[in-house]
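Below is one structure; the comments refer to it alone.
Number of protein chains: 2
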Amino acid sequence: MNGAEALIQTLTDSGVKVCFANPGTSEMQLVAAIDKQKGMRAILGLFEGVVTGAADGYGRMTDKPSATLLHLGPGLANGLANLHNAKRARTPMINIVGDHAVEHLKHDAPLTSDIIGLAQPMSNWVRTSQSPSDLAKAGSEAAAISQTYPGQITTIIAPGNHAWTDGAETAIIKNIPDTPKANQNTITEAAEILSLAGPSAIFLGGRALREGALFQAGRVAAKTGARIICETLPARLQRGIGRVAVERLPYFAEMAVEHLKGLKKIIFVGVKPPVSFFAYPDKPSWLSPEDATLIELADVQTDAEDALLRLAEAINAPKEPGNVQEATQLAFEQGKLTRESLGIIISQLLPENAIVSDESGTSGGALFRHTASSPKHDWLIQTGGAIGQGLPVAVGAAVACPNRKVLALQADGSGMYTLQALWTMARENLDVTTVIMKNNSYGILNIELGRVGVSNPGPKALSLLDLANPELDWVAMSEGMGVPAQRAETAQQFHDALAKGVGHSGPRLIEAVLV
Amino acid sequence: MNGAEALIQTLTDSGVKVCFANPGTSEMQLVAAIDKQKGMRAILGLFEGVVTGAADGYGRMTDKPSATLLHLGPGLANGLANLHNAKRARTPMINIVGDHAVEHLKHDAPLTSDIIGLAQPMSNWVRTSQSPSDLAKAGSEAAAISQTYPGQITTIIAPGNHAWTDGAETAIIKNIPDTPKANQNTITEAAEILSLAGPSAIFLGGRALREGALFQAGRVAAKTGARIICETLPARLQRGIGRVAVERLPYFAEMAVEHLKGLKKIIFVGVKPPVSFFAYPDKPSWLSPEDATLIELADVQTDAEDALLRLAEAINAPKEPGNVQEATQLAFEQGKLTRESLGIIISQLLPENAIVSDESGTSGGALFRHTASSPKHDWLIQTGGAIGQGLPVAVGAAVACPNRKVLALQADGSGMYTLQALWTMARENLDVTTVIMKNNSYGILNIELGRVGVSNPGPKALSLLDLANPELDWVAMSEGMGVPAQRAETAQQFHDALAKGVGHSGPRLIEAVLV
Chain G
1 MNGAEALIQT LTDSGVKVCF ANPGTSEMQL VAAIDKQKGM RAILGLFEGV
51 VTGAADGYGR MTDKPSATLL HLGPGLANGL ANLHNAKRAR TPMINIVGDH
101 AVEHLKHDAP LTSDIIGLAQ PMSNWVRTSQ SPSDLAKAGS EAAAISQTYP
151 GQITTIIAPG NHAWTDGAET AIIKNIPDTP KANQNTITEA AEILSLAGPS
201 AIFLGGRALR EGALFQAGRV AAKTGARIIC ETLPARLQRG IGRVAVERLP
251 YFAEMAVEHL KGLKKIIFVG VKPPVSFFAY PDKPSWLSPE DATLIELADV
301 QTDAEDALLR LAEAINAPKE PGNVQEATQL AFEQGKLTRE SLGIIISQLL
351 PENAIVSDES GTSGGALFRH TASSPKHDWL IQTGGAIGQG LPVAVGAAVA
401 CPNRKVLALQ ADGSGMYTLQ ALWTMARENL DVTTVIMKNN SYGILNIELG
451 RVGVSNPGPK ALSLLDLANP ELDWVAMSEG MGVPAQRAET AQQFHDALAK
501 GVGHSGPRLI EAVLV
Chain P
1 MNGAEALIQT LTDSGVKVCF ANPGTSEMQL VAAIDKQKGM RAILGLFEGV
51 VTGAADGYGR MTDKPSATLL HLGPGLANGL ANLHNAKRAR TPMINIVGDH
101 AVEHLKHDAP LTSDIIGLAQ PMSNWVRTSQ SPSDLAKAGS EAAAISQTYP
151 GQITTIIAPG NHAWTDGAET AIIKNIPDTP KANQNTITEA AEILSLAGPS
201 AIFLGGRALR EGALFQAGRV AAKTGARIIC ETLPARLQRG IGRVAVERLP
251 YFAEMAVEHL KGLKKIIFVG VKPPVSFFAY PDKPSWLSPE DATLIELADV
301 QTDAEDALLR LAEAINAPKE PGNVQEATQL AFEQGKLTRE SLGIIISQLL
351 PENAIVSDES GTSGGALFRH TASSPKHDWL IQTGGAIGQG LPVAVGAAVA
401 CPNRKVLALQ ADGSGMYTLQ ALWTMARENL DVTTVIMKNN SYGILNIELG
451 RVGVSNPGPK ALSLLDLANP ELDWVAMSEG MGVPAQRAET AQQFHDALAK
501 GVGHSGPRLI EAVLV
């Protein structure tokens with residue numbers, strides 16, 4: 001077998017079942033190897049940001065890596081923004097980036113670039129294959145390292161001649177590294193601190209936002225009265241009726257400070273103490289109260305559920321959690337569609353076990369709040385702040401979980417970054433209902449302009465934040481990529497369109513025009 | 001003034017007139033500074049690949065830098081593929097990449113990344129501002145360095161607090177470095193070699209493909225009988241009736257070798273000896289005949305026109321050039337639209353002084369050949385092999401030259417990478433007629449699959465090269481972004497649609513369905 005075949009066989013043997021791809025000439029041998037490999041599905045994205053974002057969504061939902069196949073430095077570069085988000089989300093992923101044949105590099109052909117330099121900022125691990133058989137070894141290492149709890153971005157650089165040369169062998173499958181457990185002294189210390197007077201919170205992120213870990217956090221809360229707060233941008237939050245509910249830290253620094261005000265003790269699990277997203281003139285970046293005691297019970301790479309379980313046991317917490325989400329009844333107001341009515345309608349229609357890919361931006365506050373009392377679902381948020389995540393992550397989540405409904409709740413500005421994802425939804429007939437929240441604006445920037453101290457912006461500044469003139473027609477763009485679409489301007493229209501989308505299997509898009 | 005204002009004032013004082021932008025929160029002060037600066041136009045792109053590609057097109061047509069405004073590491077990353085092309089095209093450009101305030105970096109907020117690491121592979125020069133006034137100094141340096149002949153990619157990293165802090169001053173405008181001239185010994189040597197027996201060629205690239213340099217090359221050809229050949233992917237080739245015609249080196253290695261076969265002497269101006277785009281099993285990367293004498297008259301950074309003029313004088317070349325392009329009469333065949341009829345129709349309708357942004361890929365061979373005998377025009381090709389250049393470069397060229405018609409001749413697969421450029425054409429009412437050459441395929445990959453040795457590819461491999469299922473509807477997508485569009489399936493329909501597009505001022509799109 002050639003190096004490409006040895007790599008793809010090794011990845012399949014390691015449990016990698018899907019390759020999201022946008023290949024070029026230097027990856028043709030890898031394409032041929034995937035073609036022959038019955039155990040690996042190949043999914044084309046028409047832009048690399050779709051490919052890496054889909055791999056992120058897949059990894060978040062399965063806790064297993066998929067592979068991506070990318071074309072040299074520029075192909076990797078096009079996928080970097082969503083790799084940034086995936087790295088921040090701690091998603092397991094294996095990127096395969098083709099390169100020129102080794103002997104060809106010295107000629108500095110037009111597509112030559114510093115692939116290692118490009119890969120490193122958005123990867124946890126980068127390795128260039130050294131020989132045809134080494135390509136498979138790199139694959140075996142990447143499969144294991146990518147699954148280092150909670151997940152890592154691995155990138156293999158695959159020279160063309162390693163892929164096409166015969167005589168390569170598959171590599172031995174490597175063990176996934178053990179997940180470290182929290183230190184017993186830290187558990188004891190956290191238990192002691194919780195017993196002291198004053199308001200406390202358990203602050204959760206990463207894997208601590210899965211149902212099992214939340215259950216244990218809820219037991220701690222039941223015993224101690226601690227609040228349960230989560231990071232602003234969780235990779236995957238399991239929520240809904242019957243699960244332990246969390247307060248989500250607000251995005252804006254001054255609101256976040258207010259939210260944490262008065263807390264005397266904060267126990268962090270799976271996340272570092274929060275900081276503001278951006279710095280602003282004369283505002284602090286640090287958000288926790290100055291006089292609070294902060295304890296890291298488990299850092300992001302330490303088993304979160306285990307730490308919370310042991311903490312619950314250490315304090316003799318009851319068997320059942322507190323803070324369990326109950327159902328609520330909400331009714332939406334008729335008339336023009338607003339953020340509020342949109343949020344209520346989605347909360348009413350969200351199916352049990354749905355997956356939400358949330359890149360709703362400034363249109364999303366009411367949405368997140370109201371869906372707290374929807375049936376159980378997973379909520380995937382843009383983790384690294386690089387916009388253009390929402391539609392690709394929905395693609396990957398739908399590939400990962402073909403029997404679950406996916407809702408992509410997507411702001412219009414960020415949706416334009418990777419709109420090509422709609423085509424992949426159509427080709428693969430993915431069960432994704434996309435809701436474009438259309439406000440014809442980079443809404444966040446209109447807010448931020450004032451917050452960074454710019455007063456009285458002129459028309460030139462405002463034009464850079466504005467998506468009107470011309471207005472985007474998402475129905476036309478969506479249908480142009482094969483996804484049936486309709487527009488909704490009133491709450492009732494949106495309700496009916498969403499009911500139809502949720503009731504139907506396969507891709508749909510609703511352009512929700514917000515007032 | 002604050003640092004942002006000092007930077008923008010300094011850039012304006014240095015002659016920078018346009019900023020292509022996709023800003024975020026960390027760039028709001030820069031947006032405000034551009035807003036106040038009457039001398040700088042601001043143009044929004046809805047994706048950063050549009051922004052950097054537009055700056056490339058602008059720089060190719062003006063030989064002056066525009067600025068780009070990009071949002072931190074991920075925003076830069078999204079623009080890197082077209083920066084790769086621009087770097088290969090030696091385009092002058094000044095990227096301004098916002099970063100977090102310096103004090104905020106230690107907190108590793110979600111959008112933090114290694115911006116320098118990301119910038120270096122696709123920049124010739126990267127500099128992080130050290131203070132509010134240093135931001136303007138960096139701008140002054142970038143303006144000069146970007147114009148180092150023939151052009152350089154410069155990138156300034158602008159921390160938020162340098163932008164917002166008052167008390168900054170504008171920087172002194174720096175001189176553009178002098179352009180080196182060819183060594184007289186090299187001129188003499190080249191003249192001597194041309195006088196020896198055997199077939200010779202002048203091989204041109206970069207700035208040697210402008211009208212003035214070509215004129216001198218034509219004089220040398222008139223005297224010596226040398227062939228005039230140009231690189232496969234020129235950044236800007238001036239051609240058409242009355243100009244000195246060039247042979248373009250074929251893309252595929254074996255055809256390129258055949259093209260150069262028999263040459264005994266090759267004089268290179270503005271370009272290195274050509275190599276194959278990719279390596280293939282058992283095929284050479286080097287394309288020039290083994291026994292030919294190769295001379296570098298002027299490297300890419302040496303004044304090309306001066307070197308050719310002095311060579312022409314050294315050999316007592318006639319005042320008038322040879323190889324001057326004459327008009328030819330071509331008629332197209334009626335019926336279904338083919339690559340051949342499309343090429344002939346475009347050659348007939350291309351207006352005098354048009355600018356062509358060519359990313360036609362496998363659909364473009366006949367197109368380039370037939371338009372040789374069109375009226376004078378500029379031809380801009382994808383230089384670095386990173387697809388997604390064509391539409392953005394058309395945007396930038398149209399901004400640079402508002403009184404010239406721009407034709408974007410665009411393959412469908414690569415067009416999908418940066419289709420957001422259509423929206424900017426609509427917003428700015430740019431005089432661009434886009435022709436999408438629709439073959440529902442990554443055509444090149446269907447060819448390359450066999451060339452790299454893959455025989456009998458299966459359906460999974462072929463599906464990764466195929467854009468059908470579903471077919472893209474470019475008319476719908478274009479109209480969704482505000483650009484009027486129509487479809488053409490026959491030669492006559494295409495002729496009529498193109499005549500309308502060329503006759504009209506403002507953006508239009510034609511989906512040319514190829515058999």
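Chains as they are written, first to last, in my numbering: chain G, 1 to 515; chain P, 1 to 515.
Just so you know, even glycine gets a beta-carbon here, dropped at the ideal spot from N, CA and C.
Reduced DSSP secondary structure (H/G/I, E/B, other) of residue i
| i | result |
| --- | --- |
| G:L76 | helix |
| G:E247 | strand |
| P:T112 | coil |
| P:G160 | helix |
| P:G3 | helix |
Chain P contact for residue i (CB, 7 Å cutoff)
| i | result |
| --- | --- |
| G:T25 | yes |
| G:P507 | no |
| G:R88 | yes |
| G:F47 | yes |
| G:A21 | yes |
Chain-ordered chain G contacts of residue i [CB-CB under 9 Å]
| i | result |
| --- | --- |
| P:T383 | P110 |
| P:G206 | By Cβ distance, chain G contributes nothing, its closest Cβ being about 13 Å from P:G206, past 9 Å. |
Residue i versus residue j - alpha carbon distance
| i | j | result |
| --- | --- | --- |
| P:G139 | G:P23 | 38 Å |
| P:T433 | P:G385 | 23 Å |
| P:A314 | P:V220 | 10 Å |
| G:A144 | P:G458 | 30 Å |
| P:L465 | P:G450 | 13 Å |
| P:P595 | P:P375 | Because chain P is modelled from 1 through 515, residue 595 of chain P falls outside the range shown and cannot be assessed. |
| P:Q492 | P:P92 | 41 Å |
| G:V275 | G:L233 | 12 Å |
Cross-chain neighbours of residue i in chain P, by beta carbon under 9 Å
| i | result |
| --- | --- |
| G:A491 | None at all; the shortest Cβ gap to chain P is about 24 Å. |
Beta-carbon neighbours of residue i, restricted to chain P and to distances below 7 Å
| i | result |
| --- | --- |
| G:D35 | P457, G458, K460, A461 |
| G:E448 | T25, M28 |
| G:W379 | Result: empty, since nearest Cβ-Cβ is about 17 Å, beyond 7 Å. |
| G:Q420 | M416 |
| G:M255 | Simply none; closest approach about 15 Å. |
Amino acids of chain P, ordered along the chain, whose beta-carbon sits closer than 8 Å to that of residue i
| i | result |
| --- | --- |
| G:A190 | Here the premise fails: no neighbours, minimum Cβ distance about 23 Å. |
| G:G160 | F278, A279, V452 |
Min CB distance residue i to chain G below 7 Å
| i | result |
| --- | --- |
| P:N440 | no |
| P:Y417 | yes |
| P:P132 | no |
| P:L44 | yes |
| P:H84 | yes |
| P:V31 | yes |
| P:M437 | no |
| P:S285 | yes |
Interface residues of chain G facing residue i [CB-CB closer than 8 Å]
| i | result |
| --- | --- |
| P:W164 | P281, V452, G453 |
| P:A398 | Residues of chain G passing the Cβ test: none, with the nearest at roughly 16 Å. |
7 Å Cβ cut-off: residues of chain G touching residue i
| i | result |
| --- | --- |
| P:R427 | N469, P470 |
Near the ligand FMN: residue i beta-carbon under 6 Å from a heavy atom
| i | result |
| --- | --- |
| P:D63 | In the structure on display, the ligand FMN does not appear, and there are no ligands present to speak of. |
Under 8 Å from the C-beta of residue i: neighbouring residues of chain B
| i | result |
| --- | --- |
| P:Q120 | Included in the structure are the protein chains G and P, with no chain B among them. |
- contact_flag[the stretch 184 to 198 of chain G, the stretch 10 to 30 of chain G] where n(CB pairs < 8 Å) is 3 or more: no
- Message: Would the stretch 292 to 312 of chain G count as touching the stretch 446 to 465 of chain G if we require 3 or more Cβ pairs under 8 Å?
- Response: no
- Sufficient close CB pairs (3 or more, under 8 Å) joining the stretch 260 to 267 of chain P to the stretch 358 to 374 of chain P: Touching, no.
- Below 8 Å, can you find three or more Cβ-Cβ pairs linking the stretch 79 to 99 of chain P to the stretch 37 to 44 of chain P? With fewer than three CB-CB distances shorter than 8 Å, the stretch 79 to 99 of chain P does not count as touching the stretch 37 to 44 of chain P.
- Query: Given 8 Å as the limit, is there contact between the stretch 226 to 242 of chain G and the stretch 207 to 218 of chain G, that is, 3 or more CB pairs closer than that?
  - Reply: yes
- Below 8 Å, can you find three or more Cβ-Cβ pairs linking the stretch 189 to 202 of chain P to the stretch 220 to 234 of chain P? yes
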